[in-house]
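Residue numbers (our numbering): 17 to 220.
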């Protein structure tokens, strides 16, 4: 993987906390949360276990912080489409779908970090799982808001359908069951939005 080739110079330039997070992300994504120990993260980050505990307290908190970073990327996508398409909620929804569609090739190799983490963390009290559940709830509220602004008569139902399709596309891409997943995803989301729109809905 290209990022591994660049790692020696990259690691040398990062502050300790960022080196740890960078190493943890690579290892958690490639090997899984439960299989990766703190010592392996320390070695990859060119630091010590003591340094990891000093910055994060526990491995669970390190996993949770990684999930916060991943969640922030998704929330940034919401912010970006709202900035790019002001007052055009339909285009905002399609922009979100495009963000997911464009990320599918990476998921085919490494899987969705949320899906992978939930599978490994059945305990709902785990701090990382709480981060994921809070993020998903917030994401749903924002999507319902977009559907409301788009004039969809049942915005919660529309948001549910869109969420099922977006998350289903990620799983189907991960298991390799559907080809041309990105193109199919965009067509389905367009169909959902247009089917829900009333004739008097605000354009956009």
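Where a beta carbon is used, it is the ideal one built from N, C-alpha and C, also for glycine.
Would you grab the beta carbon distance between residue i and residue j for me? Rounded to a whole angstrom, and I think it's under 8 Å.
i: residue 160; j: residue 169; result: Incorrect: roughly 13 Å between the Cβ atoms, too far for contact.
i: residue 109; j: residue 209; result: 6 Å
i: residue 36; j: residue 68; result: 6 Å
i: residue 87; j: residue 142; result: With 8 Å as the limit, residue 87 and residue 142 do not qualify as a contact, their Cβ atoms being about 15 Å apart.
i: residue 71; j: residue 33; result: 5 Å
i: residue 100; j: residue 111; result: 6 Å
Among residues of its own chain, excluding the 5 on either side of residue i, which ones have a beta-carbon nearer than 7 Å to its beta-carbon?
i: residue 188; result: 194 and 197
i: residue 148; result: 83, 130, 133 and 134
i: residue 56; result: 43
I need the boundaries of the alpha helix (DSSP H) containing residue i, first residue and last residue.
i: residue 166; result: From DSSP, residue 166 is part of no alpha helix (DSSP H); its letter is neither H nor E.
i: residue 141; result: Run containing residue 141: none; DSSP gives neither H nor E here.
i: residue 36; result: 32-47
i: residue 204; result: 197-212
i: residue 178; result: 171-191
Return the chain-ordered list of same chain residues with a C-beta closer than 6 Å to the C-beta of residue i, the five sequence neighbours on each side being excluded.
i: residue 174; result: 163, 168 and 212
i: residue 182; result: 116
i: residue 166; result: 105 and 106
i: residue 127; result: 190
i: residue 10; result: Outside the modelled stretch of the chain, which goes from 17 to 220, sits residue 10, for which no answer is possible.
i: residue 31; result: none
i: residue 186; result: 123 and 128
i: residue 120; result: 189, 197 and 198
i: residue 145; result: 137
With a CB to CB cut of under 8 Å and the five nearest residues on each side skipped, what residues in its chain are close to residue i?
i: residue 205; result: 109, 110, 113, 178, 181 and 182
Legend entry - Contiguous alpha helix (DSSP H) assignments of at least 4 residues, all confined to the stretch 53-108: 54-61, 65-72 and 75-100
Inset, instruction - Would you list, in sequence order, the uninterrupted alpha helix (DSSP H) runs of no fewer than 4 residues that lie entirely inside the stretch 114-139? - result: 129-136
Inset, instruction - Count the C-beta pairs between the stretch 137-152 and the stretch 190-200 that are closer than 8 Å, then say yes if the count reaches three, no if not. - result: no
Legend entry - Any 3 or more C-beta pairs closer than 8 Å across the stretch 62-81 and the stretch 91-100: no
Legend entry - Three CB pairs or more closer than 8 Å across the stretch 52-60 and the stretch 85-92: no
Inset, instruction - Decide if the stretch 143-157 is in contact with the stretch 56-73; the criterion is three or more beta carbon pairs, one per stretch, under 8 Å apart. - result: no
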